[in-house]
Amino acid sequence: MARFLGYTHPACLDHDTGPGHAECPERLEAVLEAVHHAFPRLEWIEAPRATRGQLLRVHEPMLLGRVLDSHPRQRIPLDPDTVLSPGSAEAALRAAGAGVAATEAVLNGETDVAFCAVRPPGHHATAGAAMGFCLFDSIAVAAAHALDKFGLARVAIIDFDVHHGNGTQAIFNREPAVAYFSSHQSGLFPHTGSVHERGVGNMHNVLLPPGSGGFRFRNTWLDTLLPALDAFRPQLVLVSAGFDAHLSDPLADLMLEAEDFAWITAELRTIADRHGEGRLVSMLEGGYSLDALAECAVAHVGALRA
Ligand SMILES: [Zn+2]
């Protein structure tokens with residue numbers, strides 16, 4: 085069984101997106117409650133804040149100013165989907181800090197795998213802009229930390245969220261030390277991630293049509309993305325773990341089930357074992373059906389620990 089650490093912080097519940105918003109604090113409560121119930125002996129660590137220096141490896145000073153220094157007294161929209169509330173800066177700092185701390189723990193040999201149960205999600209945030217429910221691209225901050233502090237030469241980011249991680253792709257589009265592997269539903273926000281978007285050969289995108297289901301999802305990963313990931317020989321595997329491809333999700337139609345997320349997680353662990361001494365950090369991204377999110381997070385954590 086792999087050594088496992090969970091990272092979270094109560095401040096992640098204080099990012100207040102407002103009534104009726106899909107990316108709500110109840111998402112994280114559902115994940116934590118279900119995972120605590122299923123795995124009561126797991127060790128959880130309170131996520132530290134990311135530092136400005138860590139954020140500035142991937143983000144522009146203007147975005148840090150907007151998120152961290154505007155101190156809003158009420159919710160203000162950053163774009164039609166993305167809100168900054170009084171608690172958002174602290175939540176974003178803890179979410180990014182979780183990824184940094186988990187990456188350090190894995191690379192220092194304190195654990196094999198780590199799961200960051202945090203919000204807001206991150207993979208749509210670009211170097212200069214918050215968007216798509218995301219303020220900072222936490223997984224990109226974690227990858228940049230692995231490159232800069234630990235000198236890794238090959239870090240893989242795997243993104244099975246139903247949406248394309250346009251922010252992560254844009255940040256590392258010209259960085260061959262980071263390879264990005266994503267399957268996502270066609271025709272959805274943010275309308276990027278075609279198979280032709282290859283960066284410097286480090287971007288690997290596959291579009292799946294609505295209604296694909298688990299069989300097509302698994303075959304797509306087996307035929308193209310997993311062989312490419314294996315050939316990259318990642319020293320560290322980072323996972324943008326969104327569960328909005330589940331059949332119950334209100335924002336998408338990819339029709340996966342919890343066992344499909346357990347399957348891809350096990351495949352990623354196999355590759356992490358083969359090339360990176362098992363080192364894997366997963367970060368929560370999307371997932372908007374509370375019941376499905378809870379079920380999928382339990383399946384994911386179960387496969388991470390197996
Ligand atoms: Zn998503």
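For the sequence shown, the residue numbers in our numbering are 85 to 390.
Just so you know, even glycine gets a beta-carbon here, dropped at the ideal spot from N, CA and C.
The closest CA to that of Phe265, considering only Asn192, Glu379 and Pro318, is found on Pro318. Here Thr354 is exposed. Its C-beta has fewer than 16 other C-beta atoms within 10 Å. Membership of Glu130 in the beta strand (DSSP E) is indicated by the continuous run Trp128 to Glu130. For Pro205, the Cβ falls inside the 8 Å cut-off from some heavy atom of ligand 1. The three-state secondary structure of Cys200, taken from DSSP, is strand.
In this structure, the C-beta of Val246 approaches ligand 1 to less than 8 Å from one of its heavy atoms. With a threshold of 16 other beta carbon atoms within 10 Å, Arg157 falls short and is exposed. Distance from the CA atom of Val167 to the CA atom of Thr252, rounded to whole angstroms, is 20 Å. Checking the DSSP bridge columns, you'll see Ala315 has no partner listed. Ranked by how close their Cα comes to the Cα of Phe217, the residues Glu107, Gly326 and Arg363 have Glu107 in first place. Counting along the chain, Asp344 sits inside the alpha helix (DSSP H) bounded by residues Ala342 to Gly360.
If you check the CB distance, His208 and Asn257 do not come in under 9 Å. Taking 3 residues as the shortest admissible run, the stretch 98 to 156 contains the following complete beta strand (DSSP E) segments, listed from N- to C-terminal end: 128 to 130.
Not one heavy atom of ligand 1 lies closer than 8 Å to the C-beta of Gly271. Judged by the Cβ position, Glu174 fails to qualify as a neighbour of ligand 1 at the 8 Å threshold, every heavy atom of the ligand being at least this far.
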